[in-house]
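Here is the structure we will look at, set down as structure tokens.
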Amino acid sequence: MDITSFLLYCFIITATPGPTNVIILSTTQHYGIKKGLHFSYGSTFAFFILLALSAFLNSLFSTLVPKVLLMMQILGTAYMLYLAYHISSDATNQVGNFKSGFFMQFLNPKVVLFTMTVIPSFVLPYYESFFAIFVSVFAITLIGLIAFLLWVLFGAIFQQFLQQHKKVVNAFMACCLIYAAIMIWIE
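225 is the number that my numbering gives to position 183 of the sequence shown; each next residue is one higher, with no gaps.
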């Protein structure tokens, strides 16, 4: 296995903007670092569970992929549109907690597709031992946590700027979520 390609792929996928990262930024902007961290921890825990499920139930998922993907497209689109509305309406929300971060990952098509493909593509062709698979799942989870924390840091550093331009920033983040919801059906 090419470790450099594997690590780079994992970091790029987890660090690039997606629904979870946009919500982390929005949560940190509106409610501060503590709420952003709580959401990130929930997201990370769910990310770990999804990776573990992918690693250990890969054969089961491979037969269910078309059904799972369609369900994830529908649920993910609906949830992202809900979040876009929530961000753009500037309503008081409850996204800044562990539970919302946790459940967001299961409805995030980017994360589900990533977790269903990274283990079978990069790990299982080269390793079969429980230890190697566990280390891979742990390493990917750690990379995801680092990416989420970078978004919290970004939100904290630019919080004053983001607050000063709240309407524009919220509209932009809502548009990013709408774009992500549309791209689920195009790709």
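Backbone N, C-alpha and C define an ideal beta-carbon position, used for all residues, glycine too.
* For PHE83, the nearest candidate out of SER171, ILE161 and GLN147 (CA to CA) -> The residue you call residue 83 lines up with position 41 of the sequence shown. The question names Phe, but residue 83 is Tyr in the sequence shown. Across the set SER171, ILE161 and GLN147, the C-alpha of GLN147 shows the shortest separation from the C-alpha of TYR83.
* **Cβ pair HIS72, PHE140 closer than 8 Å** => Taking the first residue of the sequence shown as position 1, residue 72 is located at position 30. Taking the first residue of the sequence shown as position 1, residue 140 is located at position 98. Their beta carbons are not under 8 Å apart, which means HIS72 does not touch PHE140 by this criterion.
* To do: Would you mind working out which of PRO162, LEU149 and PHE87 sits nearest MET113, comparing C-alpha positions?
  => For the purposes of this step, residue 113 is taken as the residue at position 71 of the sequence shown. Closest by alpha carbon: LEU149.
* To do: Output yes or no for whether 8 Å exceeds the beta carbon distance between ILE66 and TRP227.
  => On the sequence shown, position 24 is the one that residue 66 refers to. On the sequence shown, position 185 is the one that residue 227 refers to. In this structure, the beta-carbon distance from ILE66 to TRP227 does not fall below 8 Å.
* Range of the contiguous alpha helix (DSSP H) that encloses ILE161 -> Residue numbering aside, residue 161 sits at position 119 when the sequence shown is read from its first letter. Taken as a continuous stretch (DSSP letters only), ILE161 belongs to no alpha helix (DSSP H), as it is neither H nor E.
* Using 8 Å as the Cβ pair cut-off and three pairs as the minimum, do the region 190 to 208 and the region 57 to 66 touch? -> Under the three-pair Cβ rule at 8 Å, the region 190 to 208 counts as touching the region 57 to 66.
* Asked: Quick one: what does DSSP say GLY118 is sitting in, helix, strand or coil?
  -> Taking the first residue of the sequence shown as 1, we reach residue 118 at position 76. Three-state result, GLY118: helix.
* Asked: According to the Cβ coordinates, are GLY118 and LYS77 closer than 8 Å?
  -> For the purposes of this step, residue 118 is taken as the residue at position 76 of the sequence shown. For the purposes of this step, residue 77 is taken as the residue at position 35 of the sequence shown. Not in contact: GLY118 and LYS77 (Cβ atoms no closer than 8 Å).
* **Short Cβ contact (8 Å threshold) for THR56 with ILE185** => Within the sequence shown, the letter at position 14 stands for residue 56. Within the sequence shown, the letter at position 143 stands for residue 185. If you check the CB distance, THR56 and ILE185 come in under 8 Å.
* Asked: What is the residue span of the alpha helix (DSSP H) that TYR73 lies within?
  -> As a position in the sequence shown, residue 73 is number 31, starting the count at 1. Start and end: 61 to 73.
* What residue does the alpha helix (DSSP H) around GLY197 start on, and which one ends it? -> Reading the sequence shown from its first residue, position 155 is the one you call residue 197. Start and end: 172 to 199.
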